[in-house]
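Visitor: Going by our numbering, 298 is the number at position 298 of the sequence shown; the sequence numbering is gapless. I'd like to ask you about the structure that follows.
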Amino acid sequence: MSPLPKVAVVGYPNVGKSTLVNRLAGGREAVVHEQAGVTRDRKEVEAEWNGRRFLLVDTGGVDLADEDDMARAVQAQARAALGEADAAVLVVDARAGLRPGDAEVAGELRGGGVPVTVAANMVDAPGQAALAADFWPLGLGEPVAVSAAQGLGTGDLLDRLTEGLKAETGEEEAETRLAFVGRPNVGKSSLVNRLLGEERVIVTPQAGTTRDAIDTRVEIEGRPVVLVDTAGLRRRTKVAGTVAYYAQLRSERAAERADVAILVCDASEGITTEDLRVADMAMRNRCATVVALNKWDATRTDLEEAGAKVRHRLRQRPRILAVSAATGRGLRRLTAEALDLAERSGSRIPTAELNRFLADVAAAREPPARHGKRLRLLYMTQFESKPPRFAVQVNDRRLISRNYAYFIENSLRERYGLQGIPLVIDYKGRDRRYSDR
């Protein structure tokens, strides 16, 4: 569990909450778009001010007068964020002035038991600071005039927020990040909710419900873990310029920062070409991968056939596990495999062991030859991890064939349990003084 204090950022729809979160955190973690209602789930983003670290919790816009199912789900997520928060920021639109929706949200906050700061956003010039005074009637103290777009007043807001936050306690153990990636509507959010035992992220039958990469910190067998639910991945050309496009960029970044990508597929459809494309994206980002065939309770997909397809098409050869978000089947095994994969990706193999492996490879399959000269495998060592990177000294790297390089890579996976882990093997030839001998 993270010891960092949490600050919930709440407010009426389209007042600039996500833009403000990005400004305060000094990044672009939260999806921002001119379309109202982009944020739905609550998203935690780490921030720091004057040496004090804390989590900003971005939430969807709360309109208490809106009673459709999605609006109610967004309201529930915002209330859950407030329930876990140490402080709250009520973001309002200074240019629009005090609206009934602001007063309704403020009414809930006044009884919430945590200190609340009103951030009067969209004060984009110093001469507009007086607009913040319109929000005194909310009864939440002096409003702070800010501009999420320009950065005006954000230092004053951060000063106010960090004054009352509790200090961090103790050293944090390194977190293992597990990112759930895949096509839209394959059950990523349902799997995350099932693992957590709560509706942490909004789930609907509508594809594209998740629009951000949502981090949730948990403990699994005493180990700090971050579960990252991501937006469904499509081809970028199909979503260019839309909310889905920016959500997709966050999903790809989430895979870059993850220790393990859990590729969620719909078992009723088998492993599709789009699934394989997502797996390749994870490998290009040097992220270890395990495949979760979800909805296993409602299908007769042949697991062996799916496994053969994956092994044939995916170079990293990830393991495939059958799971069900509906029944919970296979989830314990899935998390155990993902955490073990993270450990294996970060491990190092002793040089002496790798040189024994190299000798066994050459004995099992004779190295290729060209123009009467045969490839000799001289020495092997590992010099990086996450992902593992190896150097192999050879007599002449021009003698290495593509097939033999794949044979070495696949043998390495089999010998040391590196299935699902992207490997980098650099072949280095001896200098001319020795290669001519």
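Just so you know, even glycine gets a beta-carbon here, dropped at the ideal spot from N, CA and C. Model, not experiment: these values are computed from the prediction.
To the nearest angstrom, how far is the alpha carbon of residue 284 from that of residue 337?
Guide: Going by the C-alpha atoms only, they are around 21 Å apart.
Visitor: Cα-Cα, which of 144, 61, 53 and 249 is closest to residue 464?
Guide: Here the chain covers residues 1 to 437 and nothing more, so residue 464 does not appear.
Visitor: Verify whether the separation of the beta carbon atoms of residue 57 and residue 6 is less than 7 Å.
Guide: Taking 7 Å as the Cβ cut-off, residue 57 and residue 6 qualify as a contacting pair.
Visitor: Return the chain-ordered list of same chain residues with a C-beta closer than 7 Å to the C-beta of residue 325, the five sequence neighbours on each side being excluded.
Guide: So the qualifying residues of the chain are 187, 190, 191, 194 and 294.
Visitor: Between residue 275 and residue 183, how many whole angstroms is the CB-CB distance? I'm expecting something under 8 Å.
Guide: Correct: roughly 6 Å between the Cβ atoms.
Visitor: Does the region 384-402 come within contact of the region 335-350, defined as at least 3 CB pairs closer than 8 Å?
Guide: Yes, the region 384-402 touches the region 335-350.
Visitor: Could you check where the beta strand (DSSP E) with residue 427 kicks off and where it finishes?
Guide: That run of the beta strand (DSSP E) goes 424-429.
Visitor: Please state the DSSP three-state secondary structure of residue 90.
Guide: It is a strand residue.
Visitor: Give the secondary structure of residue 18 by DSSP, where H, G and I count as helix, E and B as strand, and everything else as coil.
Guide: Note: residue 18 maps to helix in three-state DSSP.
Visitor: Classify residue 304: buried if its beta carbon has 16 or more other beta carbons within 10 angstroms, exposed otherwise.
Guide: Result: exposed.
Visitor: Apply the 10 Å Cβ neighbour rule to residue 121 and answer buried if 16 or more other Cβ atoms are within range, or exposed otherwise.
Guide: Answer is buried; the Cβ neighbour count reaches 16.
Visitor: For residue 140, which residues of its own chain have a beta-carbon under 8 Å away from its beta-carbon, when the five flanking residues on both sides are left out?
Guide: Cβ neighbours of residue 140 beyond the five flanking positions: 90, 106, 109, 110, 116, 117 and 118.
Visitor: If we ignore side chains and look at the alpha-carbon of each, how far apart do residue 112 and residue 9 end up?
Guide: Each residue's Cα considered, the two are about 14 Å apart.
Visitor: Would a C-beta distance cut-off of 7 Å place residue 321 and residue 330 closer than the cut-off?
Guide: Going by C-beta atoms, residue 321 is nearer than 7 Å to residue 330.
Visitor: How about residue 279 and residue 263: are their beta carbons less than 7 Å apart?
Guide: It is a contact, given that the beta carbons lie within the stated cut-off.
Visitor: Comparing C-alpha positions only, which one of 63, 62, 61 and 114 sits nearest to residue 83?
Guide: Comparing Cα-Cα distances from residue 83 to each of 63, 62, 61 and 114, the minimum goes to 114.
Visitor: Please go through the same chain and pick out, in chain order, the residues whose beta-carbon is closer than 6 Å to the beta-carbon of residue 4, but skip the five residues on each side of it.
Guide: Closer than 6 Å at Cβ, skipping near neighbours: 53, 54 and 55.
Visitor: Quick one, which of 282, 268 and 281 has its alpha-carbon nearest residue 297's?
Guide: Nearest of 282, 268 and 281 to residue 297, Cα basis: 268.
Visitor: What distance in whole Å lies between the Cβ atoms of residue 164 and residue 87, which are believed to be in contact at a cut-off of 8 Å?
Guide: About 6 Å separates the two Cβ atoms, so the contact holds.
Visitor: Apart from the five residues on each side of it in sequence, which residues of its chain come closer than 8 Å, Cβ to Cβ, to residue 367?
Guide: So the qualifying residues of the chain are 374, 375, 376, 377, 399 and 404.
Visitor: Measure the alpha-carbon distance for residue 222 versus residue 175 and round it to whole angstroms.
Guide: When rounded, the distance between both Cα atoms is 11 Å.
Visitor: Taking the Cβ atom as the reference point for each residue, do residue 150 and residue 134 lie within a distance shorter than 7 Å?
Guide: Cβ atoms of residue 150 and residue 134: not closer than 7 Å.
Visitor: What distance in whole Å lies between the Cβ atoms of residue 428 and residue 382, which are believed to be in contact at a cut-off of 8 Å?
Guide: About 14 Å; that fails the 8 Å criterion.
Visitor: What are the boundary residues of the beta strand (DSSP E) that residue 230 is part of?
Guide: Run containing residue 230: none; DSSP gives neither H nor E here.
Visitor: Could you compute how far the alpha carbon of residue 380 sits from the alpha carbon of residue 360?
Guide: One C-alpha to the other measures close to 12 Å.
Visitor: Leaving out the 5 sequence neighbours to the left and right, which residues in its chain are closer than 7 Å to residue 257 when beta-carbon positions are compared?
Guide: Around residue 257: 177.
Visitor: Which residues in the same chain as residue 407 place their Cβ atom closer than 7 Å to its Cβ, once the five residues preceding and following it in sequence are excluded?
Guide: For residue 407, where only same-chain residues beyond five positions count, the Cβ hits under 7 Å are 365.
Visitor: Using a 10 Å radius around the Cβ and a threshold of 16 neighbouring Cβ atoms, would you call residue 44 buried or exposed?
Guide: Buried, by the Cβ-count rule.
Visitor: Please classify residue 202: does DSSP put it in a helix, a strand, or coil?
Guide: Because residue 202 carries a pLDDT of 49, less than 50, the predicted location of this residue cannot be relied on, and the following value inherits that uncertainty. Residue 202: coil per DSSP, three-state reduction.
Visitor: Can you give me the start and stop residues for the alpha helix (DSSP H) that residue 63 sits inside?
Guide: Looking at the DSSP string, residue 63 is not in any alpha helix (DSSP H), and its letter there is neither H nor E.
Visitor: From residue 424 to residue 344, what distance separates their C-alpha atoms?
Guide: Each residue's alpha carbon lies about 15 Å from the other.
Visitor: According to the Cβ coordinates, are residue 217 and residue 226 closer than 7 Å?
Guide: Yes; because the gap between Cβ atoms is below 7 Å, this pair is in contact.
Visitor: May I ask you to report which of helix, strand or coil DSSP gives residue 175?
Guide: In the structure shown, residue 175 sits in coil (DSSP, three-state: anything other than H, G, I, E or B).
Visitor: Under the assumption that residue 292 contacts residue 334 (Cβ atoms under 8 Å), give the Cβ distance between them as a whole number of angstroms.
Guide: Right, the Cβ-Cβ distance comes to about 6 Å (below 8 Å), so this counts as a contact.
Visitor: Return the first residue and the last residue of the beta strand (DSSP E) that residue 219 is part of.
Guide: Here the beta strand (DSSP E) through residue 219 covers 214-220.
Visitor: Report, in whole angstroms, the separation of the C-beta atoms of residue 14 and residue 61, which I expect to be a contact under 8 Å.
Guide: Right, the Cβ-Cβ distance comes to about 6 Å (below 8 Å), so this counts as a contact.
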